[in-house]
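According to my numbering, numbering within the sequence shown proceeds without interruption in unit steps and concludes at 1326.
Accompanying notes for the structure given below.
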Amino acid sequence: MSEQGKKPIKITETVLRDAHQSLIATRMPTEFMLPIIDKMDKVGYHSVECWGGATFDASLRFLKEDPWDRLRKLRDGFKNTKLQMLFRGQNILGYRPYADDVVDYFVQKSISNGIDIIRIFDCLNDLRNLQEAVNATNRFKKQEGRGHAQVALSYTLGDAYTLEYWTDTAKKIEEMGADSICIKDMAGLLVPYKATELISAMKAATKLPIQLHTHYTSGVAGMTYLKAVEAGVDVIDTAMSPFSMGTSQPATEVMVETFRGTPYDTGFDQNLLADIADYFRPYQEECLKTGLLNPKVMGVNIKTLLYQVPGGMLSNLVSQLKEQNAEDKYYQVLEEVPRVRKDLGEPPLVTPSSQIVGTQAVFNVLMGERYKVATKETKGMLRGEYGQTVKPMSQEVIDKVIPGEKRITCRYADTIENELSKLEDEMKEWKQQDEDVLSYALFPQVATDFFKYRQAQQEKVDMTQADTKTGAYPV
Ligand SMILES: [Mn+2]
């Protein structure tokens, strides 16, 4: 605390990224965001999380929007507030590991188009998968005068995840050149008194600022923030009330009011926040009406604490079982999840490990024999392609699924040749801006479909501007 005994808690607003990713499948369009930016820019947020995670994929795939264009528009609007994104380490925003040249270029373009803070995580907390993105951020920070590398630790429970594990990892993160650390609790597993222990230990272990990110899924998140703030956490992630709670974050206005008049007072204007909430509320009501927002994701789901499965993963399991007409196997699959997780070295469950473990658990139950069928991703995980797990993987499962195969112990990206120029070649007919190759790198098919759509739209627009007398029109 400062001399006056004051330590205002800093707030990252998630309504433009995680909140709508967690509640309405990432479907908030850019056009809806733009009119409220001016007011949001006056709040005094530490940062606004607005890009990365699933927003990139959903923009191209469902909204038919260029995610880079969204970023530039947000940057234009937010004159005073830092913009933050979520980045999946060596997997960038995709689902496979990329060569270092693609990681570098993505970081460079993210910063040059407007991102200030890059929150980088790895589903196995294998720091080798984070190093390149951290290095790249530090390099372009010098070049662009903007950029902050935040390393996020995927929070999970299990024998291996002791306080010592978290504090040792925090020290390594400090050594690797990160600017801050985030505890990323995607499933809402961190309960209030454990937050006191964890944050106190982390603060003692490192000088780096500590940010806490959690979800309301299990119902404890507001209390967890309270204890974390008392224990010295520097920043918390919250969402404007119409898109808060449930599988999203605790409400911004509630946390602001909680700390009013205390040494942690944010000083935010509650009337301004009310104006902003008024803007988002009719949209929330519309999403409820259209079914985009399912009231089921808004309550408390205590199963998340019982099975330690993130909310998004639960709904994936349900839909996978539905497709197979096997909804009656739901609880069997839920019980199989921790067993598969253990076989695979007890990783945190977050994209992509959550999908890998979840899908394998479904196969194990439906086939009536464990690992009779193993997915491509399960095999990759067992080979070590996703990185090193905290606990060893099951030798029995390795022998059954990838008998006699060579396993990787080095950093997997070291085995991938630079791939940027090959990607450029593949997509050059569609290229309208440098960033297009990165969209293509992440989602080749989806991006190509988007490029075709974009071109068709442009041709239609251009035709209206055509000089019909001479037959000339802009191309
Ligand atoms: Mn999250």
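Beta carbons: idealized from backbone N, C-alpha and C, even for Gly.
Measuring alpha carbon to alpha carbon, tell me which residue in 988, 1283, 1239, 1130 is nearest residue 890.
Relative to residue 890, the option among 988, 1283, 1239, 1130 whose CA is nearest is 1130.
For residue 1234, list the residues DSSP reports as bridge partners.
Within the DSSP secondary-structure output, residue 1234 pairs in no beta bridge.
With DSSP as the reference, identify every bridge partner of residue 871, one or two as the case may be.
In the DSSP assignment, residue 871 is bridged to no other residue.
Using the Cβ count rule (16 or more neighbours within 10 Å means buried), how would you classify residue 1176?
Exposed.
Measure the beta-carbon distance from residue 863 to residue 910 and round it to whole angstroms, keeping in mind my assumption that it falls under 8 angstroms.
Contact flag wrong, Cβ pair sits at about 21 angstroms.
Could you say if the stretch 1211-1227 and the stretch 940-954 meet the contact criterion of at least three C-beta pairs nearer than 8 angstroms?
The stretch 1211-1227 vs the stretch 940-954: no contact.
Rounded to a whole number of angstroms, what is the C-alpha to C-alpha distance between residue 963 and residue 1000?
Cα to Cα, residue 963 sits roughly 14 angstroms from residue 1000.
Bridge partners of residue 936, per DSSP?
Beta-bridge pairing by DSSP links residue 936 to 902, 969.
Who are the Cβ neighbours of residue 1114 in its own chain at under 7 angstroms, not counting the five residues just before and after it?
Excluding residues within five positions, the ones whose Cβ falls inside 7 angstroms are 852, 856, 857, 858.
According to DSSP, which residues form a beta bridge with residue 1047?
Residue 1047 is bridged by DSSP to nothing; it lacks a bridge partner.
For residue 888, the first and last residue of its enclosing alpha helix (DSSP H):
888-891 is the extent of the alpha helix (DSSP H) around residue 888.
Give the secondary structure of residue 1253 by DSSP, where H, G and I count as helix, E and B as strand, and everything else as coil.
Residue 1253 falls in the coil class under three-state DSSP.
Under a three-way DSSP split, which group does residue 1000 fall into?
Annotated three-state conformation of residue 1000 is strand, per DSSP.
For residue 886, count neighbouring Cβ atoms within 10 angstroms of its own Cβ and tell me buried if that reaches 16, exposed if not.
Residue 886 counts as exposed, since fewer than 16 other C-beta atoms from the protein chains shown sit within 10 angstroms of its C-beta.
To the nearest angstrom, report how far apart residue 1232 and residue 1203 are at their CA atoms.
So the alpha carbons of these two residues sit roughly 10 angstroms apart.
Using three-state DSSP, classify residue 1125 as helix, strand or coil.
In the structure shown, residue 1125 falls within a helical segment according to DSSP collapsed to helix, strand and coil.
According to DSSP, what are the bridge partners of residue 861?
Per DSSP, 1086.
Could you tell me which residues DSSP puts in a beta bridge with residue 1102?
DSSP, once it has assigned bridges, lists 1090 as partnering residue 1102.
Bridge partners of residue 1066, per DSSP?
Beta-bridge analysis with DSSP links residue 1066 to no other residue.
Cβ of residue 1037 versus every heavy atom of ligand 1: is any distance shorter than 6 angstroms?
Yes - ligand 1 has a heavy atom lying nearer than 6 angstroms to the Cβ of residue 1037.
Would DSSP call residue 915 helix, strand or coil?
Looking at residue 915 - three-state DSSP - the assignment turns out to be coil, as it is neither helix nor strand.
Taking the beta strand (DSSP E) that residue 1034 belongs to, which residues open and close that run?
Judged by DSSP secondary structure, residue 1034 falls within the beta strand (DSSP E) whose first and last residues are 1031-1036.
At what residue ranges does the stretch 1104-1174 contain a whole run of the alpha helix (DSSP H), taking only runs of 4 or more?
The stretch 1104-1174 contains these whole alpha helix (DSSP H) runs: 1121-1141, 1154-1158, 1162-1174.
Tell me the DSSP secondary structure of residue 1207 in three-state form.
In the structure shown, residue 1207 adopts helical secondary structure according to DSSP, grouped into three states.
Is any non-hydrogen atom of ligand 1 found closer than 6 angstroms to the C-beta of residue 908, if you look at the structure I gave you?
Because no heavy atom of ligand 1 lies under 6 angstroms away, the Cβ of residue 908 does not count as near it: no.
Have a look at 1094, 989, 939 and flag the residue whose alpha-carbon is nearest the alpha-carbon of residue 1237.
Nearest option by C-alpha distance: 939.
Span separating the alpha-carbon of residue 1186 from that of residue 1080:
For residue 1186 and residue 1080, the gap between their C-alpha atoms comes out near 34 angstroms.
Return yes when at least one heavy atom of ligand 1 lies under 6 angstroms from the C-beta of residue 973, else no.
For ligand 1, not one heavy atom lies less than 6 angstroms from the Cβ of residue 973.
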